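For the record, in the sequence shown the residue sitting at position 235 is 303 according to the numbering used here, with numbers rising by one throughout. Notes follow the structure.
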Amino acid sequence: MPSPYRALFATPGTKAFSAAGLLGRMPLSMMGIGIVTMISQLTGRYGLAGALSATLAMSAAVFGPQISRLVDRHGQRRVLRPATLVSAVAVAGLLVCAQQGAPDWTLFVFAAGAGTVPSVGSMVRARWAAIHRGSPRQLHTAYAWESIADEVCFIFGPIVSIGLSTAWFPEAGPLIAGGFLLVGVFWLTAQRATEPAPHPRQQDGRGSAMRSRGLQVLVATFVATGAIFGSIDVVTVAFAEDQGRKAMASLVLAAYALGSCLAGAVFGLLHLKGPLPKRWLLGVCAMAVSMIPLQLAGNLPFLAVALFVAGLAVAPTMVTTMALVEQHVPRTQLTEGMTWTSTGLAVGISIGSSAAGWAVDGMGADAAYVVPVLSGALAAAVAFLGYRRLGRPAPTRGGHETDERQHEDGQRVA
């Protein structure tokens, strides 16, 4: 492991909570694609599959920030465990209804209930932020590491989920994802020494973190970015099925995550100079342009290469986004602020999944790759229109530092 990453784990407890977080966020890459695979296996209806995946993502978008706000006030252990149990019960109900051929409305009810899943990645990043509060460079490396962990999930999660659902039984992928969630969250919340201190309501009084104009820009852009991710998942599964190799969809999607993972690993070693907002804008635009070659994919090998190249822009953009969130929200609302970016992605995934499902049913998998292309163009447009707001950090982050110090720290991270 390169020295910056080795130094990152010198603090006691960091290896344990990072491992627990990796396990607990596996459902992020397994559940949605698992539902798509399960429903398409059982019914052959990609429109229904995409709509259910969209319902899950939209529900997570609604509940996620509220759960994280409670975490900021009451602590991770007291909030995450009951929220996770509710999500696990809903997943079980969804699988039973799907297997028994229950009416469609029951599937949507349980998919919505499963959205109470906590944003495990935000919880782990909040722990890193508490540990490395005074060290911007180490925090940059920590965020890069977490981006790598996200992509590891997206490399192996779809392989496990799609592979189990196609080779074992249709419900296997979502079932295993639910098990990962339970084990990961309960393991993470058992580690009290690294848990960030809660900030009761009377200590902040600021309302929602979304009052930050900079955070609003990040979240709005991430809605379009999420539509890229959601549509790619659905269309790629359908494209692989058209090619007669549906199980290969997991490997093709893994190539996308692998490109992002490698880029994130390198990015974590760098300490680039220059303003964060411009670097973030460049990353969003690169993600948009990388969608164009997908429309030319005539076979799975070409698609895998195109997705690998597209993935190179993902992790660096995500790392820069987390650094910007840390600048634009108070420390007492950091978990909520990070979760709002995940919420933007979840809303976008829901829109992209649904749009892609209907596009596949209506005009075929080949043509449906226009959905991520249009989503990328929208993300770039929103980023262009709003990125200047990102040059004005929040007045304070929990009352610890002044505006000037915030800006200087952001530049040093840059």
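Just so you know, even glycine gets a beta-carbon here, dropped at the ideal spot from N, CA and C. Please read all numbers here as calculations on a predicted model, not as lab measurements.
Note down the Cα distance separating Q259 from D429, rounded to an integer number of angstroms.
46 Å
Contiguous alpha helix (DSSP H) assignments of at least 4 residues, all confined to the segment 427–454
433–436 and 438–454
Note down, in chain order, each residue of its chain lying with its Cβ closer than 8 Å to the Cβ of V377, except the 5 sequence neighbours on either side.
G327, S358 and P361
Where W196 sits in the DSSP three-state scheme
helix
For Q167, tell me which candidate among F237, A383, C329 and Q144 has the shortest Cα-Cα distance.
F237
For T388, the nearest candidate out of P204, V157 and A179 (CA to CA)
P204
Can you look up S229 in the DSSP assignment and give me helix, strand or coil?
helix
By how many angstroms is the C-alpha of P226 removed from the C-alpha of T234?
In a straight line, the C-alpha of T234 is about 12 Å away from that of P226.
H267, enclosing alpha helix (DSSP H) - first and last residue
Taken as a continuous stretch (DSSP letters only), H267 belongs to no alpha helix (DSSP H), as it is neither H nor E.
Report the residue from F452, A433, R281 and R399 whose alpha carbon sits nearest the alpha carbon of A194.
R399
Leaving out five residues before and five after F85 in sequence, what residues of the same chain have Cβ atoms less than 8 Å from its Cβ?
V192, R195, L256, Q259 and T262
Residues in the same chain with beta-carbon distance under 7 Å from F178, minus the five sequence neighbours each way, listed in chain order, please.
The beta carbon of F178 lies closer than 7 Å to those of A158, G161, L162 and C165 in the same chain, with the five residues before and after it left out.
On the premise that L368 lies in contact with W213, defined as a C-beta separation below 8 Å, what is that separation, rounded to the nearest angstrom?
Taking 8 Å as the upper bound for CB-CB distance, W213 and L368 are not in contact here, some 31 Å apart.
Helix, strand or coil, according to DSSP, for M359 in the structure here?
coil
Exposure of T79, with buried meaning 16 or more beta-carbon neighbours within 10 Å:
exposed
Among L91, S318, G425 and M390, whose alpha-carbon lies nearest the alpha-carbon of I223?
S318
Distance, Cα to Cα, S136 vs V251?
Cα atoms of S136 and V251: separation of roughly 19 Å, rounded to the nearest angstrom.
Excluding the 5 residues preceding and the 5 following C353 in the sequence, name in chain order all residues of the same chain whose CB lies nearer than 6 Å to its CB.
A448
Classify H208 as helix, strand or coil using the three-state DSSP reduction.
helix
Hey, F297 and G92: beta-carbon distance below 8 Å or not?
In this structure, G92 does not lie closer than 8 Å to F297 by Cβ.
For A240, collect the residues of the same chain with a Cβ closer than 7 Å to its Cβ; drop the 5 residues on either side in sequence, then sort them by chain order.
L232 and S233.
Measuring alpha carbon to alpha carbon, tell me which of G454, S121, A180 and V147 ends up nearest L349.
G454
So G132 packs on G425, CB below 8 Å; how close in whole Å?
The Cβ separation is near 22 Å, so there is no contact.
What is the DSSP secondary structure of V185, reduced to helix, strand or coil?
coil
Below 8 Å CB to CB, which residues in the same chain sit around A16 once its five sequence neighbours on both sides are set aside?
Nothing can be reported for residue 16: it is not among the residues displayed for the chain, which extend from 69 to 482.
How long is the line joining the alpha carbons of A156 and A414, rounded to whole angstroms?
18 Å
Element boundaries [alpha helix (DSSP H), containing K314]
Segment: none, K314 is in no alpha helix (DSSP H) and carries neither H nor E.
What does the Cβ neighbour count give for H208, buried or exposed, with the cut at 16 atoms within 10 Å?
buried
I think I230 touches P440, with their Cβ atoms under 8 Å apart; what is that distance to the nearest whole Å?
P440 and I230 do not touch by the CB rule: their CB atoms are close to 19 Å apart, not below 8 Å.
From T403, T152 and V287, residue whose alpha carbon lies closest to that of G246:
T152
Label D310 either buried or exposed according to how many other C-beta atoms from any shown protein chain fall within 10 Å of its C-beta, with 16 as the threshold for buried.
exposed
Please classify L340: does DSSP put it in a helix, a strand, or coil?
coil
Considering only residues of the same chain and omitting the five flanking positions on each side of P186, which have a CB-CB separation below 6 Å?
I135, L148 and A151
Considering Cα atoms alone, identify which of G412, L243 and L283 is closest to A129.
The candidate whose alpha carbon is nearest that of A129 is G412.
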